[in-house]
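Below is one structure; the comments refer to it alone.
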Amino acid sequence: MAPQSVRLPITLQRIFLKKDREAPVLRGHPWIFSGAIDRIEGDDETAGIVDVFDARKTWIARGLSSPKSQIRIRLLTWKEETIDQGFFARRLSRALTLREKYLSSTTNAYRLVNGEGDFLPGLIIDRYGDFLVCQFFTSGIDSVKGIIMNSLAGLISANGIYERSEGRVREEEELEPSVGVLAGEAPPELIPIEENGFKFVVDVRRGQKTGFFLDQRDNRVLLSTLAREQTILNCFSYSGAFSVYALAGGAKQVTSLDSSRPALELAEQHLQLNGFASGGELLKADAFTYLKECDTSFDVIVLDPPSLAHKRNDVTAATSGYKFLNLHALKRLNAGGLLLTFSCSQHVSLDLFQKVVFGAAVDAGRKVSVLKRLGQPIDHPMSLHHPEGEYLKGLLLKVLD
Ligand code: SAH
């Protein structure tokens, strides 16, 4: 892909914080909420690069502004460096090196950029073989899209770059969805990928998120080590990736359950592609109803629901959803059985999640031990300065009797 010419961004605004509101910024938190801002000099209607000063007018950081967001600034650097193509090239190159260095050579699908975790707030880039899928979630990062695209073109030889910038965060910023080919070739209907040597196909246009749940890779490996001779329910299976690993690990029977027919059709393809055409049952059902009403029991259940709390205000409702699911899943497990239970809600901490699951165990009348706490793989890094970035949390539980 030939680099295009782009206009270099200029610093549009100078943001002055209220007195004594600079401490989190100085500690490295990348977000500045509108309530911390005293005044703005410059064009405060346009998203772009901004300089941030404390109340004494000392420069402290540089970042991207989102005029319509409560999170008014997302910071890029605490050094006085120019935000240009070279800057983004350095950040992207660092992100790429991390993945290339530590991911298995039998994996060609991974998250190349994980927003704040790679110090590129608002930006997600997933790699699926020869294609990249980008999500520009905020108006700040959207304003530098051209420069980022140029930096990417200089760094990676992808056949094409597709954009899936859509969803709630953009709506909150009053940004229209932006979906389609950004550069190079249009991706095929289904992009073939390999994850730890297993074969999958990804529909980057219609699939959920960018098409595949890359964040569960390590937890799938864990399941394969626990699966031998077990009967397994993969609840909220999406395209059945956990099921493939379970069957590869020697599972006796695997049921993939999801409410989405297209997801189950992909799951069927994935079982076939990996040589397990006859190994798995596919079930289109509502997981809440199924878990409550079914009379089958299992040795292992995977419970990986979609985010139940999109906003802080949803947390109470979400905890009752998690409690319901975990309560009924625990009831469905044979003595000695295992539950791999997850929450991908950013607003539900591991601590809170564990308390909810504890409540579920008490109500289910089961004695349960935690074998392991589970989380995100290394291509989904979290900045230590931005704990909100830890969205995926999970527990491997064993039911004693
Ligand atoms: N475990 C999957 C990812 C799960 S994403 C993987 O590793 O790829 C969450 C899935 O839950 C989606 O596929 C969605 O279709 C499904 N889903 C959402 N609500 C559901 C419900 N009430 N019952 C069953 N499935 C549901």
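Residue 77 in this note's numbering sits at position 74 of the sequence shown; the count goes up by one each step and never skips. The beta carbon of each residue, even a glycine, is placed where N, CA and C say it ideally should be. Given the structure is predicted, the values throughout are model-derived calculations rather than measurements.
Could you tell me if Q88 is buried or exposed, where buried requires 16 or more neighbouring beta carbons within 10 angstroms of its beta carbon?
Reading the sequence shown from its first residue, position 85 is the one you call residue 88. Buried, by the Cβ-count rule.
What do you get for G38, buried or exposed, if any count of 16 or more other CB atoms within 10 angstroms of its CB means buried?
In the sequence shown, counting from the first residue as 1, residue 38 sits at position 35. Counting Cβ neighbours within 10 Å, G38 comes out exposed, since fewer than 16 surround it.
Rounded to the nearest angstrom, what separates L328 and W62 at their Cα positions?
Taking the sequence shown and counting its residues from 1, the one referred to as residue 328 is at position 325. Taking the sequence shown and counting its residues from 1, the one referred to as residue 62 is at position 59. Cα to Cα, L328 sits roughly 49 Å from W62.
Tell me, please, whether the stretch 316-336 touches the stretch 357-370 by the rule of three or more beta-carbon pairs shorter than 8 Å.
yes
Is the closest heavy atom of the ligand SAH to the C-beta of L286 under 7 Å?
The residue labelled residue 286 in the question sits at position 283 within the sequence shown. Because no heavy atom of the ligand SAH lies under 7 Å away, the Cβ of L286 does not count as near it: no.
Please confirm whether L311 and L285 have their CB atoms less than 8 Å apart.
In the sequence shown, counting from the first residue as 1, residue 311 sits at position 308. In the sequence shown, counting from the first residue as 1, residue 285 sits at position 282. Cβ distance not < 8 Å, so L311 and L285 don't count as in contact.
Taking R335 as the reference, which of A321, G368, V318 and V351 has the closest Cα?
As a working note, residue 335 is residue 332 in the sequence shown. For the options A321, G368, V318 and V351, the alpha carbon positioned closest to that of R335 is the one of G368.
CA-CA distance, K314 and S160?
In the sequence shown, the residue the question calls residue 314 occupies position 311. In the sequence shown, the residue the question calls residue 160 occupies position 157. Cα-Cα distance, rounded: 37 Å.
Closer than 8 Å by C-beta to R209: which residues in its own chain qualify, once you throw out the five before and the five after it? Chain order, please.
Reading the sequence shown from its first residue, position 206 is the one you call residue 209. Taking C-beta separations shorter than 8 Å and ignoring five residues to either side along the sequence, the partners of R209 in its chain run P265, following chain order.
Would you kindly work out how many angstroms separate the C-alpha atoms of S346 and P309, rounded to a whole number?
The residue given as residue 346 occupies position 343 in the sequence shown. The residue given as residue 309 occupies position 306 in the sequence shown. Between S346 and P309, the C-alpha separation is close to 8 Å.
What does a CB cutoff of less than 7 Å around D253 pick up in its chain, not counting 5 residues either side in sequence?
Start at 1 with the first residue of the sequence shown, and residue 253 comes out as number 250. Looking at the sequence itself, residue 253 is Gly, so the reference to Asp does not match. Cβ within range, chain order: A230, R231 and E232.
Short check: CB of R75 to CB of I128, under 8 Å?
In the sequence shown, the residue the question calls residue 75 occupies position 72. In the sequence shown, the residue the question calls residue 128 occupies position 125. Their beta carbons are not under 8 Å apart, which means R75 does not touch I128 by this criterion.
At what residues does the beta strand (DSSP E) containing P27 begin and finish?
The count along the sequence shown starts at 1 and reaches residue 27 at position 24. Counting along the chain, P27 falls outside any beta strand (DSSP E), though it belongs to the alpha helix (DSSP H) covering A26 to L29.
Presumed contact (8 Å Cβ cut-off) between D218 and H383, rounded CB distance
Translated into the one-based positions of the sequence shown, residue 218 becomes position 215. Translated into the one-based positions of the sequence shown, residue 383 becomes position 380. Right, the Cβ-Cβ distance comes to about 5 Å (below 8 Å), so this counts as a contact.
Starting from I144, trace the alpha helix (DSSP H) in both directions and tell me its first and last residue.
Within the sequence shown, residue 144 is the residue found at index 141, counting from 1. Taken as a continuous stretch (DSSP letters only), the alpha helix (DSSP H) holding I144 covers S142 to D145.
Suppose you measure from the CA of L123 to the CA of M385; what does that come to, to the nearest Å?
Taking the first residue of the sequence shown as position 1, residue 123 is located at position 120. Taking the first residue of the sequence shown as position 1, residue 385 is located at position 382. Distance between the alpha carbons of L123 and M385: 11 Å.
Answer yes or no: the CB of D221 versus the heavy atoms of the ligand SAH, is any distance below 7 Å?
On the sequence shown, position 218 is the one that residue 221 refers to. D221: no, Cβ never under 7 Å from the ligand SAH.
At what residues does the beta strand (DSSP E) containing K82 begin and finish?
Here residue 82 refers to the residue found at position 79 of the sequence shown. Looking at the DSSP string, K82 is not in any beta strand (DSSP E), and its letter there is neither H nor E.
Taking only heavy atoms of the ligand SAH into account, decide whether any of them is closer than 7 Å to the Cβ of D382.
For the purposes of this step, residue 382 is taken as the residue at position 379 of the sequence shown. Incorrect: D382 has no Cβ contact closer than 7 Å to the ligand SAH.
CB-CB under 7 Å to P180, same chain, minus the five flanking residues each way: which ones, in chain order?
Here residue 180 corresponds to residue number 177 of the sequence shown, with the count starting at 1. Correct list, in chain order: S168, E169 and R173.
Nearest residue (CA-CA) to V359, options I43, G397 and D121
Counted from its first residue, the sequence shown places residue 359 at position 356. Out of I43, G397 and D121, G397 has the C-alpha closest to the C-alpha of V359.
Where the beta strand (DSSP E) through S246 begins and ends
Residue numbering aside, residue 246 sits at position 243 when the sequence shown is read from its first letter. Where S246 is concerned, there is no enclosing beta strand (DSSP E), although the alpha helix (DSSP H) it sits in stretches over A244 to A251.
Please report how far the alpha carbon of C238 lies from the alpha carbon of V205, in whole angstroms.
Indexing the sequence shown from 1 puts residue 238 at position 235. Indexing the sequence shown from 1 puts residue 205 at position 202. Straight-line Cα distance between these residues: approximately 20 Å.
Sufficient close CB pairs (3 or more, under 8 Å) joining the stretch 132-141 to the stretch 93-107
no
Closer than 7 Å: is that where the CB of Y394 sits relative to any heavy atom of the ligand SAH?
Mapped onto the sequence shown, residue 394 falls at position 391. No - the ligand SAH has no heavy atom lying nearer than 7 Å to the Cβ of Y394.
According to the neighbour-count rule (16 or more other Cβ atoms, all chains shown, within 10 Å of its Cβ), is R59 buried or exposed?
Along the sequence shown, read from residue 1 onward, the residue named residue 59 stands at position 56. Counting other Cβ atoms within 10 Å of its Cβ, R59 stays below 16 and is therefore classed as exposed.
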